[in-house]
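Trainee:
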Amino acid sequence: MPSPSRLNAHVAQIPPPPAGFSPPRAQTVLAPGDLALGPVPLGLHLEGRFWLTIGESGYAGEGRVALLEAIDREGSLNKAAKALGLSYKSAWDALQFLNNAAGVPLVTASTGGRGGGGSQLTSSGRWLVEVFNRVKSVHRQFLDALAAAVVRSTAAGEGAGAPGALERLFLRTSARNQWLGRMVALHQEGISVLVEVDLGGPRLHARLTAASVSELGLEPGMSVWALVKAQAVRLAAPDEIVTGDARAHNRLSGRVLPAPPVDGGGSVDSDELEVALALDGGNTVHAVLSRARAEALGVSERAEERELLAVFDPAQVILGVLA
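The opening residue of the sequence shown carries number 1 in full-length UniProt numbering; numbering runs sequentially from there.
1. Between 195, 200, 199, 283, which has its C-alpha nearest residue 212's C-alpha?
2. From 52, 189, 144, 225, pick the residue whose C-alpha is nearest to that of residue 177; which is it?
3. Could you tell me which whole beta strand (DSSP E) segments of length 3 or greater appear in the UniProt domain "Mop" (172-237)?
4. Going by DSSP, what residue range makes up the alpha helix (DSSP H) through residue 298?
5. Checking 8 Å against the spacing of the C-beta atoms, do residue 311 and residue 204 come in under that value?
6. Do the segment 125-137 and the segment 100-110 make contact, defined as three or more Cβ pairs closer than 8 Å?
7. Compute the beta-carbon to beta-carbon distance between residue 289 and residue 208, rounded to the nearest angstrom, for a pair I have assumed lies under 8 Å.
8. Grab the span of the alpha helix (DSSP H) containing residue 273 for me, first residue to last.
9. Mark residue 3 as exposed unless 16 or more other C-beta atoms lie within 10 angstroms of its C-beta, in which case mark it buried.
10. Given residue 118, which residues of its chain have a CB within under 8 Å of its CB, disregarding the five upstream and five downstream residues?
11. Within a Cβ cutoff of 7 Å, which residues of the same chain sit near residue 314, ignoring the five residues on either side of it in sequence?
12. By the DSSP assignment, the beta strand (DSSP E) with residue 315 in it spans what residues?
13. Nearest to residue 197 by CA position, among 63, 121, 320, is which residue?
14. Let me make sure I understand the geometry here. Which of 218, 210, 84, 175 has the alpha-carbon closest to that of residue 190?
15. Please report how far the alpha carbon of residue 292 lies from the alpha carbon of residue 186, in whole angstroms.
16. Based on the DSSP secondary-structure assignment, which residues constitute the bridge partners of residue 119?
17. Does residue 131 come out as helix, strand or coil in the three-state DSSP assignment?
18. Can you tell me where the alpha helix (DSSP H) holding residue 90 begins and where it ends?
19. Excluding the 5 residues preceding and the 5 following residue 281 in the sequence, name in chain order all residues of the same chain whose CB lies nearer than 8 Å to its CB.
20. According to the Cβ coordinates, are residue 60 and residue 98 closer than 8 Å?
21. Would you mind reading off the limits of the alpha helix (DSSP H) that contains residue 77?
22. Going by CA-CA distance only, name the one from 58, 295, 256 that's closest to residue 283.
23. Suppose you measure from the CA of residue 271 to the CA of residue 227; what does that come to, to the nearest Å?
24. Comparing alpha-carbon positions, which option in 100, 95, 54, 139 lies nearest residue 120?
25. Can you list, in chain order, the residues of its chain whose CB lies under 6 Å from that of residue 81, leaving out five sequence neighbours each side?
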């Protein structure tokens, strides 16, 4: 599985922040007693604190995000405070802090009217709630996977501190394309299973054996990692006919991104070129192609933002889950 640093890039296709918003970063900490190094009960459950920061200061945790959600649900700061058991002043202070630190208002308020006015979240407020909840979901998955690894190593007599069990959670791969998605369907095709994965906009298919599906415990709704080597991806023009039924399953439409500065992996004299396409939903797909093919498609190091298709065989997709 990709390392936690890759979770920031793949945390389920978070949209960019609204204009003017100072984007926070995520921080998490496990309580000292959360990961005992002695015998671990089979019912082990890890808990960790999670919050967003701006600069070096704590910004938004469970409480402040819950306040924003309550304002959105109740329609006013006063009702939101009561629903959460807070004083109006405490809720007001928290909201002012959120607004000031973000640099843009997270809540708009209207006055007058029969109901005495109300409040609702701005696009920045909704963005913050969405980001927090998506990262919180991945954070929970990580803690559950960590607990499971400790339990397995203890049951196997390795001891809860055995490095192998925990290091498996931080496995990095050489696959250039690594996407976090949600499984939406399983299609049985003879002895194979075609797994359909939603990448937050585009969808891809992975062809696995029934045994692999069973061993991974794949079910619709699960979060899965999809890995594809850049060499397995070919690029095509939108109007180009791509032959081969298997390949036709995966045709991801994207916009060509400018190439980064050469860092030793693809010199200007090389016969091959790596091209990246920006997909809907925030993901990127990388492909390696010959310079002759790139020229035929009108792609170069200074590529325009033209639309192309990334085409690859479902059998080239490797799926993984946090185990």
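Cβ atoms here follow ideal geometry from the backbone N, Cα and C, with glycine treated the same way.
As the structure is a prediction and not an experimental result, all values here were calculated from the model.
Mentor: The answer reads as follows:
1. One-based indexing of the sequence shown puts residue 212 at position 212. Of the candidates 195, 200, 199, 283, the one whose C-alpha sits nearest the C-alpha of residue 212 is 195.
2. Here residue 177 refers to the residue found at position 177 of the sequence shown. Out of 52, 189, 144, 225, 225 has the C-alpha closest to the C-alpha of residue 177.
3. The qualifying runs are 177-189, 192-198, 203-209, 223-228, 234-236.
4. Here residue 298 is taken as the residue at index 298 of the sequence shown, counted from 1. Looking at the DSSP string, residue 298 is not in any alpha helix (DSSP H), and its letter there is neither H nor E.
5. Mapped onto the sequence shown, residue 311 falls at position 311. Mapped onto the sequence shown, residue 204 falls at position 204. Not in contact: residue 311 and residue 204 (Cβ atoms no closer than 8 Å).
6. yes
7. As a first step, residue 289 must be located in the sequence shown, where it is residue number 289. As a first step, residue 208 must be located in the sequence shown, where it is residue number 208. Rounded to the nearest angstrom, the Cβ distance from residue 289 to residue 208 is 27 Å, too far for a contact under 8 Å.
8. Here residue 273 refers to the residue found at position 273 when the sequence shown is read from its first residue. Element bounds for residue 273: not the alpha helix (DSSP H) but the beta strand (DSSP E), 272-279.
9. Within the sequence shown, the letter at position 3 stands for residue 3. A caution first: residue 3 carries a pLDDT of 39, below 50, which makes its placement in the model too unreliable to give a value.
10. Walking along the sequence shown from the start, residue 118 turns up at place 118. Closer than 8 Å at Cβ, skipping near neighbours: 75, 76, 109, 110.
11. Position 314 of the sequence shown holds residue 314. If we look at residue 314 and ignore the five residues flanking it on each side, its Cβ neighbours are 194, 205, 206, 207, 246, 249, 250.
12. Position 315 of the sequence shown holds residue 315. No beta strand (DSSP E) holds residue 315; DSSP gives it neither H nor E.
13. Position 197 of the sequence shown, counted from the start, is the residue given in the question as residue 197. When only C-alpha atoms are compared, the closest one is 320.
14. By one-based count along the sequence shown, residue 190 stands at place 190. Among 218, 210, 84, 175, the Cα nearest to that of residue 190 belongs to 210.
15. If you number the sequence shown from 1, residue 292 lands on position 292. If you number the sequence shown from 1, residue 186 lands on position 186. Approximately 38 Å between the Cα atoms of the pair.
16. Your numbering for residue 119 matches position 119 in the sequence shown. DSSP output for residue 119 lists 109 as bridge partner(s).
17. Walking along the sequence shown from the start, residue 131 turns up at place 131. DSSP places residue 131 in helix when its eight states are reduced to three.
18. Residue 90 sits at position 90 when you count from the first residue of the sequence shown. Element bounds for residue 90: 88-102.
19. Numbered from its first residue, the sequence shown carries residue 281 at position 281. These residues qualify, in order along the chain: 13, 199, 200, 201, 202.
20. Here residue 60 refers to the residue found at position 60 of the sequence shown. Here residue 98 refers to the residue found at position 98 of the sequence shown. Yes.
21. Sequence index remark: in the sequence shown, residue 77 carries index 77 (1-based). That run of the alpha helix (DSSP H) goes 77-84.
22. The residue given as residue 283 occupies position 283 in the sequence shown. It is 256 whose Cα lies nearest to the Cα of residue 283.
23. Mapped onto the sequence shown, residue 271 falls at position 271. Mapped onto the sequence shown, residue 227 falls at position 227. Their Cα atoms are separated by approximately 25 Å.
24. Within the sequence shown, numbered from 1, the residue matching residue 120 stands at position 120. That would be 95, whose Cα lies nearest to the Cα of residue 120.
25. Mapped onto the sequence shown, residue 81 falls at position 81. Cβ within range, chain order: 88, 91.
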